[in-house]
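A.B. asks: Right, I'll just put the structure down here and ask away after.
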Amino acid sequence: MTDNFDQGLEVDVLAASLSLERQESGDILLLLARKLQLSLPKNTQIQRQWFGLGAIKSITLCFDDYHYEISRQRYGEITAKVIKIVGGVKIKTTEITTTEWSQAVAQTLAEKANNNTQMREALSKFTLG
Numbered sequence: 001m002t003d004n005f006d007q008g009l010e011v012d013v014l015a016a017s018l019s020l021e022r023q024e025s026g027d028i029l030l031l032l033a034r035k036l037q038l039s040l041p042k043n044t045q046i047q048r049q050w051f052g053l054g055a056i057k058s059i060t061l062c063f064d065d066y067h068y069e070i071s072r073q074r075y076g077e078i079t080a081k082v083i084k085i086v087g088g089v090k091i092k093t094t095e096i097t098t099t100e101w102s103q104a105v106a107q108t109l110a111e112k113a114n115n116n117t118q119m120r121e122a123l124s125k126f127t128l129g
C-alpha cells in the first residue's frame with residue numbers, strides 16, 4: 001500500500017507542478033487550496049484578497065519546523081517559499097521554484113505519512129480523491 005501511496009503522491013505532485021506552469025494562477029491555487037483544505041485542514045492556511053472573499057492570494061502548509069508557501073503575485077505570477085520556523089519565529093525565508101516547492105512538499109508529506117497514520121489517511125484522500 002505504501003508504494004502505491006508514494007507513487008500516487010509523486011504523480012499528483014508532478015501533475016500539479018506541470019499545471020502551475022500552464023494553467024492560470026488563480027485556477028491552480030483554487031484547486032490546490034480545495035484539495036489541501038479537505039485533506040489537511042489543520043496544516044493549511046489560505047489567504048484571500050478582499051477581506052477573505054476574493055481570489056486566493058496564498059496557501060501555506062504549516063509543519064513543525066518548516067512552512068511551505070505558494071502565492072499569486074499582482075500580475076498572476078506564482079512564487080514559492082520555504083520558511084524556517086524556530087520557537088514560533090520566522091528565522092529564514094527562501095524563495096524557490098514551484099517545482100522545488102512541490103518536491104519539498106511531497107517529501108515532507110511522505111515523511112509525515114510514514115510516521116503518522118492519520119496523516120497517511122489524509123494524504124491518501126488528497127492524492128486518490
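Residue 109 in my numbering sits at position 109 of the sequence shown, with consecutive numbering throughout. Heads up, the beta-carbon is just placed ideally off N, CA and C, and yes, glycines get one too.
#1: Helix, strand or coil: which one does DSSP assign to T97?
#2: Can you tell me where the beta strand (DSSP E) holding Q49 begins and where it ends?
#3: Measure from the alpha carbon of A55 to the alpha carbon of each residue in H67, R74, L38, D65, then state which is nearest.
#4: Quickly, what does DSSP pair S71 with across the bridge? List them, please.
#5: So, are the CB atoms of T98 and K81 less than 8 Å apart?
#6: Quick one: grab the DSSP three-state call for K112.
#7: Determine the direct distance from the alpha carbon of N114 to that of K57, and round the result to whole angstroms.
#8: What separation, rounded to the nearest whole angstrom, lies between the Cα atoms of L53 and I46?
C.D. replies: Let me spell this out:
#1: As a first step, residue 97 must be located in the sequence shown, where it is residue number 97. DSSP places T97 in coil when its eight states are reduced to three.
#2: Here residue 49 refers to the residue found at position 49 when the sequence shown is read from its first residue. Unbroken run through Q49: none, as it is neither H nor E.
#3: By one-based count along the sequence shown, residue 55 stands at place 55. For the residues H67, R74, L38, D65, the minimum Cα distance to A55 belongs to R74.
#4: Start at 1 with the first residue of the sequence shown, and residue 71 comes out as number 71. Bridge partners of S71: S58, T79.
#5: Stepping through the sequence shown from its first residue, residue 98 is reached at position 98. Stepping through the sequence shown from its first residue, residue 81 is reached at position 81. No, the pair does not count as a contact, with Cβ atoms beyond the cut-off.
#6: Position 112 of the sequence shown, counted from the first residue, corresponds to residue 112. Reduced to three states, the DSSP call for K112 is helix.
#7: Locating residue 57 in the sequence shown gives position 57, counting from the first residue. Locating residue 114 in the sequence shown gives position 114, counting from the first residue. Rounded to the nearest angstrom, the two C-alpha atoms are 31 Å apart.
#8: To locate residue 53, count along the sequence shown from 1; it is residue 53. To locate residue 46, count along the sequence shown from 1; it is residue 46. Rounded to whole angstroms, L53 to I46 spans 11 Å at the Cα level.
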